[in-house]
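Single-structure report; data block below.
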Amino acid sequence: MPKIPQAPLGIPAESARRWTERYRLATQESGRLFLMAGDQKVEHLNDDFIGGRVATDDADPEHLFRIASEAPVGCFAAQMGLIARYGMDYPDTPYLLKLNSKTHLIKTAQRDPVSLQWQSMAQVRDFVRHSGLKVVGVGYTIYPGSEFEPTMLGEAARLIRDAHAMGLLAVIWAYPRGQAVGTREQDAHLIAGAAGLVACLGADFVKINPPLDAAGAMDGALLGEAVAAAGRTQVICAGGSETEAPEFLQRLHEQIHVGGTQGCATGRNVHQRNQPDAIRFCKAIHAIVVHNQGVDEALKLLSPNT
1 MPKIPQAPLG IPAESARRWT ERYRLATQES GRLFLMAGDQ KVEHLNDDFI GGRVATDDAD
61 PEHLFRIASE APVGCFAAQM GLIARYGMDY PDTPYLLKLN SKTHLIKTAQ RDPVSLQWQS
121 MAQVRDFVRH SGLKVVGVGY TIYPGSEFEP TMLGEAARLI RDAHAMGLLA VIWAYPRGQA
181 VGTREQDAHL IAGAAGLVAC LGADFVKINP PLDAAGAMDG ALLGEAVAAA GRTQVICAGG
241 SETEAPEFLQ RLHEQIHVGG TQGCATGRNV HQRNQPDAIR FCKAIHAIVV HNQGVDEALK
301 LLSPNT
């Protein structure tokens, strides 16, 4: 299991102490992060929350908070406005403030993606100070390869530095995308480059889409290049669209034990289930990520009788 790293240099001693405390809280003393993502309310609008196999519970935004409050997640990531409206009823959940988001309405064929910061770090500081919530960090998405890349990189670099100065963790979602990238969004070499880029920004974790092989299949071994490129910035993989639990857990185990990643960030695979199923599924994910258990042990936790 990984160790809790040293706080980044160049920040006050008190900020370094708070950063370490929040790192321990978010990773539950394991060094690995189980992030529950709830930013899809903007990213995919209502497409992920209604219809098809999606549980009817998911139509209500509070469903996200109910799961995060009862499941053993390391932190729950969502926009500050959503957390401000529901967090008072779920004060014990560790939160990560997602500071930029965009909808999926404007396609890459129309314009390269750009997603800019919604709140200033002064507003983040006030929220952390006055909300009374367990805010462990901030999150931000970049799109390497977009023509708007320089603007997003500048914002990300400043955000990371300011977050560390406040004793907060910084998690960067890094998705190569844009006309210069074309169909190579899940190319292993390009994803590794994005992970290395985030290391240069100084983030604590980088969330990536797992790379695909030439046949379009996921292979945990392909993550090795990204993990090496990221260095001390820990790599976590996005969970993607809803997958059958055994397949998801097997893939997660391979990502960690073959690819060398340090956790996962999943949203739809959790919140599209009804609350009891979602909580059991989170317990299975937690068993692999935090307790370093095998797939067979994790699958047992999916049973209502366990």
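The letter at position 45 of the sequence shown is residue 45 when you use the UniProt record's numbering, and the numbering goes up by one with no holes. Glycine is no exception: its CB is placed at the ideal position from the N, C-alpha and C atoms. From a predicted model like this one, the values you see are computed outputs, not experimental measurements.
Identified DSSP bridge partners for residue i
i, result
"THR141", "TRP173"
"LYS107", "DSSP lists no partner for LYS107."
"LEU97", "ALA78 and VAL138"
"VAL206", "ILE172 and VAL235"
"MET36", "PHE76 and THR266"
"GLN117", "ASN100"
"LEU212", "MET218"
Sequence-distant residues of the same chain with beta carbon closer than 8 Å to residue i, five excluded per side
i, result
"SER241", "ARG268 and ASN269"
"ALA195", "ALA174, VAL206, ILE208, ALA226, VAL227, ALA229, ALA230, THR233 and VAL235"
"PRO72", "GLN28, PHE34, CYS282, LYS283, HIS286 and VAL290"
"ALA245", "PHE281, ALA284, LEU299 and LEU302"
"PRO304", "PRO276 and ARG280"
Alpha helix (DSSP H) segment containing residue i, residue limits
i, result
"ILE236", "From DSSP, ILE236 is part of no alpha helix (DSSP H) but of the beta strand (DSSP E) over 234-238."
"GLY154", "149-165"
"ALA55", "Careful: ALA55 lies outside any alpha helix (DSSP H) and carries neither H nor E."
"ILE11", "Where ILE11 is concerned, there is no enclosing alpha helix (DSSP H), given that its DSSP letter is neither H nor E."
"HIS257", "245-257"
"LYS283", "275-289"
"residue 307", "In the structure as shown, the chain starts at 1 and stops at 306, and residue 307 therefore has no counterpart that could be examined."
"VAL181", "Run containing VAL181: none; DSSP gives neither H nor E here."
"ALA228", "224-230"
Residue burial classification, residue i (beta-carbon count within 10 angstroms, cutoff 16)
i, result
"ALA229", "buried"
"THR141", "buried"
"MET1", "exposed"
"THR103", "exposed"
"ILE106", "exposed"
"HIS189", "exposed"
"HIS130", "exposed"
"LEU9", "exposed"
"GLN123", "exposed"
"GLY294", "exposed"
"HIS271", "buried"
Sequence-distant residues of its chain with Cβ nearer than 6 Å to residue i (five each side left out)
i, result
"THR266", "GLY239"
"ASP213", "ASP219"
"ILE11", "HIS164 and ALA165"
Selected residue, minimal CA-CA separation from residue i, among the options
i, options, result
"GLN40", "THR27, ALA26, ALA59 and PHE34", "ALA59"
"GLY220", "ALA199, GLY260, VAL206 and GLY182", "GLY260"
"VAL114", "ILE50, LEU153 and ALA165", "LEU153"
"ALA203", "GLU29, ALA37 and TRP19", "TRP19"
"PHE205", "GLY182, GLU185, ILE191 and ARG232", "ARG232"
"GLY139", "PHE148, GLN119 and ARG24", "GLN119"
"GLY81", "ASN100, GLY74 and ILE172", "ASN100"
"LEU252", "ASP296, PRO5, ALA78 and ALA122", "ASP296"
"ALA77", "VAL171, ALA192 and PRO144", "VAL171"
"GLN79", "ALA68, LEU97, TYR90 and ARG85", "LEU97"
First through last residue of the beta strand (DSSP E) which encompasses residue i
i, result
"ALA195", "Here ALA195 belongs to no beta strand (DSSP E); instead the alpha helix (DSSP H) covers 188-201."
Own chain, CB closer than 7 Å to residue i, minus 5 neighbours either side, in chain order
i, result
"VAL301", "Looking at the sequence itself, residue 301 is Leu, so the reference to Val does not match. Cβ neighbours of LEU301 beyond the five flanking positions: ARG280, LYS283, ALA284 and ALA287."
"GLN262", "PRO2, GLY31, ARG32, LEU33, GLN234, VAL235 and ILE236"
"ALA16", "ALA7"
"ARG273", "ALA55 and PHE281"
"GLU70", "ILE279"
"THR108", "ARG177, GLY178 and GLN179"
"ASP57", "HIS63, ASN274 and GLN275"
Neighbour flag for residue i against chain C, beta carbons, 8 Å
i, result
"SER115", "Among the chains in the structure shown there is no chain C, since it carries only a single protein chain."
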